[in-house]
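Visitor: What follows is a single structure, and I will ask about it in a moment.
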Amino acid sequence: MIAGHMPVRATKRGERRTRLERDCDVLVCGASFAGLAVARELAGSGARVLVIDRYEIGERQTSACAIPTVWLEALDLLGSLRQSFDELVVHTPFRTSRWQLPWSFSMFDYRELCALLWSQAASPELEFETATVTGREGLTVHTDRGELHAPLVVDGLGWRRVLSNATAIQPPNAPLSRGLEVHPEGRGEEMELWLDARYIRAGYSWSFPAGDELRVGVGSFWPSHRVKEPTVRLAHHVGLAADGYQGNWIPHQLRRASEDGVFFAGDSAGHCLPLTAEGIRTAIYFGLACGRELRAVLEGGRTREQALARYGAFSDSHARKYRWLLGAQRAMGQINPSRAASAIVHGFENRRVATWVFSQYLAIAPPSFVGDGSRSTPPRLAALAA
Ligand SMILES: Cc1cc2nc3c(=O)[nH]c(=O)nc-3n(C[C@H](O)[C@H](O)[C@H](O)COP(=O)(O)OP(=O)(O)OC[C@H]3O[C@@H](n4cnc5c(N)ncnc54)[C@H](O)[C@@H]3O)c2cc1C
């Protein structure tokens, strides 16, 4: 977040920030994509689930909010959709290419998507509170409002991995990418990417229209490279004001998904995909997997230790794909400004190549996974299936 543009976020302040000390069955820390996906899988379990976040749900968007449309469909979240694209327009210094995708990307509204996920998680035993997590001792989580305790604790707190006592993650030395974008009012018809060292040496820049605003930004694979100046330059280049900054660090290396009795999902576990920095789909995917393991423990089907081991192994089973993407990310850092990069980008104009590559890419976290849980099918999907 850029100094001087710090908005006031909704959270409990002053006298309303009462003491919060609680024992519950499941404590989900973080109410963004990963945390809400975990909570969604616990709906109807009868467990006392407490979800906490430093801000109210949906309050702080950090992402451009692009996701494969099939994921929105599978999760019954189409109500948050703003705009869809089945073509990617990719600019290099030498040419502009058009990639026909075998599936479309959609831009969604962060607040609306979070509200929908939360409503899917709703059950009488589910509660939300605003609290800032400061650390953990065993299964007691320290917050600015008091201590919370649960036998099942989830860290969905994002890149900082707050609940790990093993690894301190400190930019710019940690394996993190960084991204910053503006979202001025405006309309557009194309989902555009720039692979152009004039904006960023290792990384990419984007302009994604989302209804009545555009999300224009720059991502760097190298954490020491600054992204504000090129973001402003790109916004001006496409004729837009640099309004409404939002940015964050983005992990690009898989981390341990279970550690010291705690479940980690989403950016806290390094689940964001390297190379593309697509981390929403994967945060939800691993959040669902985590929620299913927790549910099995609550229903007596397995012990917490078994669930930790199974979830950790599930996450690890994706390691080869993450390593492959990280290798491609590193290679791109070497060749980005060259004609070779432009030739590769051009190669994707071949529809069969694009179909194969993007189908493989979607299969890393496929939408069919949504229907694999024991949680009941959302009513709309049930109606479609009937
Ligand atoms: C500029 C930018 C654009 C991006 N665009 C896309 C995109 O278009 N598509 C895509 O798939 N991915 C995108 N990403 C990546 C994506 O945003 C992340 O991978 C994704 O948000 C991870 O979800 P998460 O739930 O794990 O963590 P987060 O979304 O980071 O959520 C963490 C939650 O924890 C809360 N929290 C953090 N610390 C504390 C604390 N100490 N106490 C209490 N609460 C706390 C936060 O308030 C937040 O609600 C983008 C990233 C950036 C930076």
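Letter by letter, the sequence shown follows residues -1 to 384 in this note's numbering.
Think of the CB as a built atom: it goes at the ideal place given N, C-alpha and C, for glycine as much as any other residue.
1) Going by the DSSP bridge assignment, what does Tyr202 pair with across the sheet?
2) Looking at the structure shown, is Cys63 part of a helix, part of a strand, or coil, going by DSSP?
3) Can you tell which of Gly209, Ala164, Arg196, Ala35 has its C-alpha closest to the C-alpha of Gly184?
4) Are Thr138 and Thr132 closer than 8 Å when you measure CB to CB?
5) How many whole angstroms separate the CB atoms of His250 and Ser175, which I take to be in contact at a CB cut-off of 8 Å?
6) Taking all protein chains shown into account, do 16 or more other C-beta atoms lie within 10 angstroms of the C-beta of Ser366, making it buried, or fewer, making it exposed?
7) Per DSSP, what kind of secondary structure is Thr229 in: helix, strand or coil?
8) Should the segment 238 to 255 be regarded as contacting the segment 349 to 357, the criterion being three or more beta carbon pairs within less than 8 Å?
9) Could you tell me the distance, in whole angstroms, from the CA atom of Gln168 to the CA atom of Arg93?
10) Would you check if the distance between the CB atom of Gly331 and the CB atom of Phe206 is smaller than 8 Å?
11) Any heavy atom of ligand 1 closer than 7 Å to the CB of Arg253?
12) Count the other CB atoms within 10 Å of the CB of Asn246; is the residue buried (16 or more) or exposed (fewer)?
13) Give me, in chain order, the residues of the same chain whose beta-carbon lies closer than 7 Å to that of Ser102; leave out the 5 immediate sequence neighbours on both sides.
14) On the CB-based measure, 16 or more other CB atoms within 10 Å of its CB, does Glu276 come out buried or exposed?
15) Could you check what DSSP says for Ser315 in three-state terms: helix, strand or coil?
16) Would you decide whether Ser357 is buried or exposed? Buried here means 16 or more other CB atoms lie within 10 Å of its CB.
17) So what does DSSP say about Ile50, is it helix, strand or coil?
18) Here's a check: name, in chain order, each residue in its chain whose Cβ is nearer than 6 Å to the Cβ of Ala326, leaving out the five neighbours to either side.
19) Can you pull the DSSP bridge partners for Met330?
20) Tell me whether Val368, by its Cβ, gets closer than 7 Å to a heavy atom of ligand 1.
Guide: On the basis of the data shown:
1) Here residue 202 is taken as the residue at index 204 of the sequence shown, counted from 1. According to DSSP, which records beta bridges pairwise, Tyr202 is partnered with Gly217.
2) The sequence position of residue 63 within the sequence shown is 65, counting from 1. Three-state DSSP puts Cys63 in coil, outside helix and strand.
3) As a working mapping, residue 184 is identified with position 186 in the sequence shown. If we check each option's Cα against that of Gly184, Gly209 comes out closest.
4) The sequence position of residue 138 within the sequence shown is 140, counting from 1. The sequence position of residue 132 within the sequence shown is 134, counting from 1. It is not a contact, given that the beta carbons lie outside the stated cut-off.
5) One-based indexing of the sequence shown puts residue 250 at position 252. One-based indexing of the sequence shown puts residue 175 at position 177. That pair is a contact at about 5 Å.
6) Here residue 366 corresponds to residue number 368 of the sequence shown, with the count starting at 1. Ser366 is exposed by the Cβ-count criterion.
7) Here residue 229 corresponds to residue number 231 of the sequence shown, with the count starting at 1. Thr229 falls in the helix class under three-state DSSP.
8) no
9) Locating residue 168 in the sequence shown gives position 170, counting from the first residue. Locating residue 93 in the sequence shown gives position 95, counting from the first residue. Roughly 38 Å between the two C-alpha positions.
10) Reading the sequence shown from its first residue, position 333 is the one you call residue 331. Reading the sequence shown from its first residue, position 208 is the one you call residue 206. The answer is no: Cβ separation not under 8 Å.
11) As a first step, residue 253 must be located in the sequence shown, where it is residue number 255. Not under cutoff, so the answer is no.
12) Working through the sequence shown from its first residue, we reach residue 246 at position 248. Buried is the call here.
13) Here residue 102 refers to the residue found at position 104 of the sequence shown. The answer, listed in chain order, is Thr67, Ser82, Phe83, Asp84.
14) Counting from 1 along the sequence shown, the entry for residue 276 is found at position 278. Glu276 is buried by the Cβ-count criterion.
15) As a working note, residue 315 is residue 317 in the sequence shown. The answer is coil: DSSP assigns Ser315 none of H, G, I, E or B.
16) Against the sequence shown, residue 357 aligns to sequence position 359. With fewer than 16 other Cβ atoms within 10 Å, it is exposed.
17) Here residue 50 is taken as the residue at index 52 of the sequence shown, counted from 1. Strand.
18) For this step, residue 326 is matched to residue 328 along the sequence shown. Leu273, listed in sequence order.
19) Numbered from its first residue, the sequence shown carries residue 330 at position 332. Answer is none; Met330 lacks a bridge partner.
20) On the sequence shown, position 370 is the one that residue 368 refers to. Answer for Val368: no, Cβ out of range of ligand 1.
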